[in-house]
Amino acid sequence: MSASPKPAAAEAAAAPVTAEPVVRTIGQALNDVLRAEMAADETVICIGENVAAAGGSFAVTKGLLDEFGPRRIFDTPISEAGFTGMAIGAAATGLRPVIDMMFSDFALLAMDQIMNQAAHLRYMTGGQLAVPMVIRCPSGAGAAYAAQHSQSLAGLFAYIPGLKVVVPSTPADAAGLLRTAIRDPNPVLFFEQKTDYGRRGPVPPGDHVVPFGVADVKRPGDDVTVIATSSMVHVALAAAEALEGEVSVEVVDPRTLKPLDVEGLAASVRRTGRCVVVDEGHRTFGPGAELAATVAEHAFDWLEEPVRRVCGADTPVPFTTVLERAFLPSVDDVVATIRGMRR
Amino acid sequence: MSASPKPAAAEAAAAPVTAEPVVRTIGQALNDVLRAEMAADETVICIGENVAAAGGSFAVTKGLLDEFGPRRIFDTPISEAGFTGMAIGAAATGLRPVIDMMFSDFALLAMDQIMNQAAHLRYMTGGQLAVPMVIRCPSGAGAAYAAQHSQSLAGLFAYIPGLKVVVPSTPADAAGLLRTAIRDPNPVLFFEQKTDYGRRGPVPPGDHVVPFGVADVKRPGDDVTVIATSSMVHVALAAAEALEGEVSVEVVDPRTLKPLDVEGLAASVRRTGRCVVVDEGHRTFGPGAELAATVAEHAFDWLEEPVRRVCGADTPVPFTTVLERAFLPSVDDVVATIRGMRR
Amino acid sequence: MSGPESTDTAASEVTAAPTSPTSPAPPTSPDPVELLRKMLLIRVFEETTIDVYRKGQMPGLAHSYAGQEASAVGVCSALRDDDTITSTHRGHGHILAKGADPVRMMLEVMGKRDGYCRGKGGSMHIADAGKGVLGANGVVAGGVGIALGAALSADRLGQDRVSVCFIGDGAMNQGVTFEVMNMAVLWQLPLIIVCENNLYGQYSPLRDTLVGELADRPRAMGMPTVQVDGMDVLAVAEAMGDLVAEVRAGGGPRFLEVRTYRYGGHHVAEVKSDYRTEDEIAEWRARDPIHLLEQRLVEAGTLTPEQVAELHDEAAAVVARAREAGLAGEVPDVAELTEDVYA
Amino acid sequence: MSGPESTDTAASEVTAAPTSPTSPAPPTSPDPVELLRKMLLIRVFEETTIDVYRKGQMPGLAHSYAGQEASAVGVCSALRDDDTITSTHRGHGHILAKGADPVRMMLEVMGKRDGYCRGKGGSMHIADAGKGVLGANGVVAGGVGIALGAALSADRLGQDRVSVCFIGDGAMNQGVTFEVMNMAVLWQLPLIIVCENNLYGQYSPLRDTLVGELADRPRAMGMPTVQVDGMDVLAVAEAMGDLVAEVRAGGGPRFLEVRTYRYGGHHVAEVKSDYRTEDEIAEWRARDPIHLLEQRLVEAGTLTPEQVAELHDEAAAVVARAREAGLAGEVPDVAELTEDVYA
Ligand SMILES: Cc1ncc(C[n+]2csc(CCOP(=O)(O)OP(=O)(O)O)c2C)c(N)n1
Ligand SMILES: Cc1ncc(C[n+]2csc(CCOP(=O)(O)OP(=O)(O)O)c2C)c(N)n1
Ligand SMILES: [Mg+2]
Ligand SMILES: [Mg+2]
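Chains as they are written, first to last, in the working numbering: chain A, 80 to 422; chain B, 80 to 422; chain C, 1296 to 1638; chain D, 1296 to 1638.
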């Protein structure tokens, strides 16, 4: 299955270089960066199913075929393990492949390649080989695509040493982090919330780069820290808005799970004394567990009460909208959790 | 690669049925249960690479071919995705397959089958289909098999709703939990510590069953709770021994990660007020994160200090012994962590 | 463009497995009027689904089977209720042809509680255990392993049912398909892979992703292979009838390539197919399977044009009722979210 | 038992890709004395490794290449330093044949800091980036995708190197192997898959796990295929020389089946091979590749028996020095555990 009406990643032409930020959707911002990086470095190539002429299932690679031709961007057969392996070998021998996995769920077909091979190659060879590649993973629920097209799997990859894991929430972060990912000499899993490609926001012009491992305070506050990832940042911001005047909520976005800005997260919690973790992944054994455990470890003496987790349910992602909504963390869930905290 | 000198799972004949516990190795105990369950239920079949005539790479299926013949236990090609898929379909249509994955690392080749298919089939079909199967996963480091034959991947599976995850530490638990796993109507990932097949211990006779989701206090104590999984239980017990007279250590073994006995773990910590989690998996985003987060959540008001994690390093598993030892949590690490706790 | 029927004689050297305990009577050749009725049902169901999608009466997406009806109907005409099928993302046709209830299907497509999957699966995951439908599947080639397993259980349980695995041409590039073909031949299991070659996988023409002749792949494994004109339902039914008889008699697995075409876009949201020409679509529509059969039946005097029109009305009425029932159906209660995760 | 050399002419219909920018001179046929020297080096290295294992001078295990020397040496004789290989769990022979330093190899096998992988990889993961060795691999077929990637980068970077992928017969049942063959032919990449058919995968005879003729699998994808007597190093060298010339000239991928045999157990810890007869082993030993070449060289007057003996002594001396260096080498410092995880 591919996506419903395509977000217009390339609806406007590439962003002009100006001193002012330009407003782009996340899809456009990613498209801009792919174009710029392919232009700047001819070893960058894009592969995946229907990435070339079709521009990708979510239009993120739209227009790149015209610009860079079929030797730089080409469609693969439906062979996730094989083409991921190919990307690893290409990365180890001079290219910088960017894979479009179409749905992050399909990365499960390439798990040996990603975890046994890409992640460990450098270590196993004592540093002789590097694997500079990016696997773009459209991710998450909310589009009624059901259990095999909606998972949030970032936590699985964050577990494996050798991999880096990026979970951007805004156009600016998506752009700056994708640039960093493409230039990084390691395998990077880059998660894109599939319901958020149309989200708009300002993107700094020029060579805008966001470093890995630096959390970003998306909204400052004093009473409680909400650590939120990917599109949950916006859920958290809406909750903060709803609580305006009642509770002062700080929203912190780790932006990358691996490396994780432990100190950045802990610093906020040490100030507020309370923490809620909001992540779309399943609650149990999910990314939220690491975030909660880390905070509880590094800010223990400042914590007034336990860290709460507001996460995806411990169920597969259901199809029908009423259940899918119940599966997902909502603004109400976050508001209720914060209100339910002891004072 | 298969294992070094085979642990003698079948060195003695099947355990005689007596009223007294018999001393068995973990390997023997597993072999006993497979034999008994295959005898009791003719829908139970065993598959995997070299499980039949060769008796499996760790001798756990030794002798079963002679007893049950090639229609009940047979070798598969090196096709992990394909034969795991086969097991799912067979399970949904009347058989109870038990897969020997040889090394849990190879389950990464069957991840789509396990996570996208087996785990979700029941949910996606609204409860129409069930998938009663067991995937036996020889797991963990300590044998110098390097990064692709030594991982501890239980946490990956514990994340996925629909799967159950078992991490036994003793012959008795291994036997009782394998029985439960084979009889369970869901897909169960059964982790066997590959360096522990030779570990001996008493196994209750007869139809000894250990329920899922019930933690076991392996050693009672008052000052600190150590939650330890699989072979780390023995590391924790040795640490407790070493601290005898100095600190009274309670060692609690969850035995299954999914379902997880949250209340059992929290109850212990509420009594002791301190907690150390010992798990061989990588520290960051590993099973230890969930155990620590859960305890910190459910026993917050009783905790005197942060939950500590003593886990596998955040590196691939190195080959050479000196590094592999450094990778693994050791008795010294646990002792030092407990000693380092504030009083 | 649609190939002639050709039987692969070289393949007959495959050794026969022992015949199943009960030797069923050879299949009676199906009533062509029933075939027409089924094809009409599917066609109207698919046209209706597009309208249901456009009117916002369903969550998510669906993949239309219009154009391919002769394949599902011809294939399933040779099957018994206890024979199983695994289906694909493009599953409505297979499932209706196997005898599923259009009302419960439409309820599922619309995400309603009384749908086949309680609204949890949706279009891509419909199953009907009672009719031997082991599920549509959202992963390309996701059902291939499951189908092998259903064949294994038939063999091991001494049941003379046949397992049929529908896949698209795109699935011929998934590694697991090869693994399964090898094992099916190795163990001479009662599996028939029906590959619906509609010339495209999503937006990619087959010739851009698959080298050699598709059917050479099973042939290389000694899997007897038949190719059939997928616009001629009688040809499909006859070819499948022969294959089923051979397989049920213990002759081992078979491969059927059905040359067919989808009229609509890859999924219901695809408005224009950039990757194929209007001419090509028109050429295939000129050989419409429903029209072809109607012509034959009228020419042969089996049906009058009026009777044909009545059959159209009947299909329209059945689907209209299904749609009404779907619209009237209730969505699940939020509490149902956590049901069906485990058996 | 070892098949005659046969060229697959039907396969020549594959379209040629554009030739690489630099057209190298055709390979000069290799000096047979050098081939003998390399084979002796490997044989002694492997015999020594067994002794190293038995004496407890190495951690973990290794898989002996003894018996298969003609394959690695013949294949690599046709390669340049910048041509790449991917290897398998049974990799020592390939890597030595490609020109790696036996001292650094033995250091790695023994887990020492100055080994190729700083002691982190061990026998199953030796790489030598400088000699184009992209790594042995612990996963069956784990190197196939990587090899395809090296071929892709050669093509895209305009380098006329060739990518060679060693696999065992067992890897012909891994799905990824098919995916890679398809893509290699599709994109006409400079890849040569060398399948070392030694009749067994671990303890399973090939005929129990693989149906049809092995080489029919690449043939079905239009991949030109050659089969060669793997005990005759000159035959292997000649066949490979031709293939490399074709591939380097832009002729697209090739498949070479080398019919060979391993003398020892699956790995160094295997004492007795239950799954094969002493007669079979003796039959193959009677056609020992080293002995065959020595005989020819002596008969042709190229070498005297004394010179042959000197070559034996030379190999023994080289490996003895490697072993000494290995024993004298230091193990890594514990601090090195966390190095090389990321580039
Ligand atoms: C493993 C996997 N990769 C990619 C997709 C996305 N996808 C859905 S259908 C499809 C094309 C399938 O083509 P084919 O098998 O020929 O079936 P058709 O759609 O033509 O019926 C793709 C690539 C998927 N669902 N699963
Ligand atoms: C994916 C995977 N499955 C299983 C194994 C265990 N294993 C190691 S070698 C081997 C046999 C490989 O046979 P073949 O490819 O013929 O190579 P050979 O050992 O004969 O050289 C097996 C099953 C593995 N390493 N990787
Ligand atoms: Mg198709
Ligand atoms: Mg072999």
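The C-beta atom is built at its ideal place from N, Cα and C for all residues, glycine as well.
Residues of chain A whose Cβ lies closer than 8 Å to the Cβ of residue 1466(C) are, in chain order, 157. Against chain C, the CB of residue 98(B) has no partner CB under 8 Å away; the residue lies outside that interface. Just measuring C-alpha positions, the residue of 350(A), 399(A) and 412(A) sitting nearest residue 357(A) is 412(A). DSSP places residue 1515(D) in no beta strand (DSSP E) but in the uninterrupted alpha helix (DSSP H) bounded by 1511-1515. According to the DSSP assignment, residue 280(A) belongs to the beta strand (DSSP E) that extends over 279-282. Taking residue 123(B) as reference, the option from 210(B), 217(B) and 321(B) with the minimal CA-CA separation is 210(B).
Within the stretch 384-404 of chain A, contact with chain C at the beta-carbon level (separation under 8 Å) is assigned to 392, 393, 394, 395, 397, 398, 399, 400, 401, 402 and 403. The beta carbon of residue 1418(C) lies closer than 6 Å to those of 1357 and 1404 in the same chain, with the five residues before and after it left out.
According to the DSSP assignment, residue 1333(C) belongs to the alpha helix (DSSP H) that extends over 1327-1349. Neighbourhood of ligand 4, defined by CB distance below 6 Å to any of its heavy atoms: 1463(D), 1464(D), 1465(D), 1493(D), 1495(D) and 1496(D), in chain order. Assigned with DSSP and collapsed to three states, residue 202(A) falls in helix. Residues of the same chain with a CB within less than 6 Å of the CB of residue 1488(C), apart from the 5 flanking positions on each side, are 1460 and 1550 in chain order.
Listed by position along chain D, the residues whose Cβ is nearer than 8 Å to that of residue 160(A) are 1440, 1470, 1471 and 1474. For residue 1505(D), a Cβ of chain C is located within less than 8 Å of the residue's own Cβ. Between residue 1420(C) and residue 1430(C), the beta carbon gap of about 6 Å places them in contact (Cβ cut-off 8 Å). Listed by position along chain D, the residues whose Cβ is nearer than 7 Å to that of residue 262(A) form an empty set, because the closest Cβ is around 12 Å away. The closest heavy atom of ligand 1 lies 7 Å or more from the beta carbon of residue 418(A). Short note on residue 1435(C): C-beta closer than 7 Å to some heavy atom of ligand 1. Residue 329(A) has 304(A) as its beta-bridge partners, per DSSP. Taking a C-beta cut-off of 7 Å against chain B, the contacting residues of the stretch 1410-1428 of chain D are 1414, 1415, 1416, 1417, 1419 and 1420, listed in chain order. For residue 282(B) against residue 260(B), the beta-carbon gap comes to about 16 Å, at or over 8 Å, which does not count as contact. The stretch 240-254 of chain B and the stretch 158-178 of chain B do not touch, with fewer than three beta-carbon pairs separated by less than 8 Å.
For residue 1576(D), the enclosing alpha helix (DSSP H) has its first and last residue at 1573-1580. Inclusion of residue 133(A) and residue 1498(C) in the CB contact set at 8 Å is warranted, their separation being smaller than that value.
Contact of residue 1512(D) with chain C is assigned, a C-beta pair being separated by under 8 Å. In the displayed model, residue 129(A) falls within coil according to three-state DSSP, outside both helix and strand. Assignment of residue 287(A) by DSSP, reduced to helix, strand and coil, places it in the coil class. A contact is defined here as three or more CB-CB pairs under 8 Å, and the stretch 186-206 of chain A fails this definition with respect to the stretch 134-146 of chain A. Scanning 189(A), 266(A) and 226(A) for the CA closest to the CA of residue 175(A) turns up 266(A). Between residue 241(B) and residue 231(B) a beta carbon distance of about 21 Å is seen, past the 8 Å cut, so the two are scored as non-contacting. In the displayed model, residue 1548(D) falls within coil according to three-state DSSP, outside both helix and strand. Residue environment analysis places residue 365(A) among the buried positions, since at least 16 neighbouring C-beta atoms fall within 10 angstroms of its C-beta.
Residue 1329(C) has its Cβ no nearer than 7 Å to any heavy atom of ligand 2.
Per DSSP, residue 157(A) lies in no beta strand (DSSP E) segment and is marked neither H nor E. For the pair residue 119(B) and residue 372(A), the CB atoms are not nearer than the 8 Å cut-off. In this structure, the CA atom of residue 1500(D) is about 12 Å from the CA atom of residue 1575(D).
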